[in-house]
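Chemist: One structure, pasted below without further comment.
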Amino acid sequence: MNTLETSLLEIIEKVIREQLEESKENSGIQSDLAIPIGVSARHVHLSKEDLEILFGKGYELHPKKELMGGQYAAQECVTVVGVNLRVIENVRILGPVRSKTQVELAKTDAIKLGVNAPIRESGDVKGSASVTLVGPKGAIFLKEGCIIAKRHIHMNPYDAKRLGVKDNDIVKVRIEGERQGILENVQVRVDDSFRLEMHIDTDEANAMGIKCNELAYLIK
Ligand SMILES: [Zn+2]
């Protein structure tokens, strides 16, 4: 390539970059407000007692993939049975064990199983829906514990300060792409053990054409 071609290319590149920047500014995108998205598939948290009923006395989960906040996806899965006796197999268990068993489904899953699962923050299971869990060694009927997780953003105190939000704030984010739009009622969760990541379920991700590790932009 001769020098004329090289400098022409440089000029074209510069023009394109400037136009891209301009269109980003016009659409309100600011990269310092970007938040990586993690899509949570349906999963189960188990109490020690329930783990032993499903997998046998003294059973311990085997970590498969590390998640934030000391949690991990276990190798073990269970079958979730709805009140209509329809089933969803191979639902991943997240460890370590918790004080209470909790089943997190997407709305599509809840419809399939005929359960009226409420949208809740993780851990808030009082009066939530009933399902049955089946493991290799036993089954348990959960009177309550089945929820649809309320969408939320994990962050550490440093990011909270940088983004100008605090724990439990409700914020809006913008999603770019073919199915772009705005997600409201997103809960902020601040803890030292968190890294910046927005968690949505598979229904929310599919509705907005989002894949894991894509970005949402906090709307100020
Ligand atoms: Zn989360």
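Counting from 91, one number per residue, gives the positions in the sequence shown under my numbering.
Here a beta-carbon is modelled for each residue, glycine too, at the ideal position from N, C-alpha and C.
1) Quick check on the DSSP output: the alpha helix (DSSP H) that includes T292 runs from which residue to which?
2) Counting only the same chain and skipping the five closest in sequence on each side, list residues whose C-beta sits under 6 Å from that of L203.
3) Using a Cβ-Cβ cutoff of less than 6 Å, which residues in the same chain neighbour E274 once the five nearest sequence positions on both sides are dropped?
4) Looking at the structure shown, is V226 part of a helix, part of a strand, or coil, going by DSSP?
5) Is the beta carbon of R132 less than 8 Å from the beta carbon of E194?
6) Excluding the 5 residues preceding and the 5 following M158 in the sequence, name in chain order all residues of the same chain whose CB lies nearer than 8 Å to its CB.
7) Do the region 219–230 and the region 240–255 touch if we need at least three Cβ pairs shorter than 8 Å?
8) Going by C-alpha to C-alpha distance, which of V105, D291, G267 sits closest to A200?
9) Can you tell me whether H244 sits near ligand 1, meaning its C-beta is under 7 Å from at least one heavy atom of the ligand?
10) Over the uninterrupted beta strand (DSSP E) stretch that includes K251, give me the two end residues.
11) Within the chosen definition, does the region 228–244 reach the region 205–220 through at least 3 CB pairs nearer than 8 Å?
12) Is the closest heavy atom of ligand 1 to the C-beta of H152 under 7 Å?
13) Let me know the secondary structure DSSP gives A207 once reduced to three states.
Modeler: On the basis of the coordinates in this document:
1) Start and end: 292–297.
2) The beta carbon of L203 sits closer than 6 Å to the beta carbons of G172, R176 from its chain, once the five residues preceding and following it are set aside; these are given in chain order.
3) K262.
4) This sequence places Pro at residue 226; Val is not what is there. Reduced to three states, the DSSP call for P226 is coil.
5) Yes, they are a contact pair.
6) Its chain contains H244, S283, F284, R285, E287 as the residues whose beta carbon lies nearer than 8 Å to that of M158, once the 5 sequence neighbours on both sides are disregarded; these appear in chain order.
7) Because the criterion of three Cβ pairs below 8 Å is not met, the region 219–230 and the region 240–255 do not touch.
8) Among V105, D291, G267, the Cα nearest to that of A200 belongs to D291.
9) Because some heavy atom of ligand 1 lies under 7 Å away, the Cβ of H244 counts as near it: yes.
10) Element bounds for K251: not the beta strand (DSSP E) but the alpha helix (DSSP H), 247–253.
11) They touch, by the three-pair rule.
12) Checking every heavy atom of ligand 1 against the Cβ of H152, none is found closer than 7 Å.
13) Note: A207 maps to coil in three-state DSSP.
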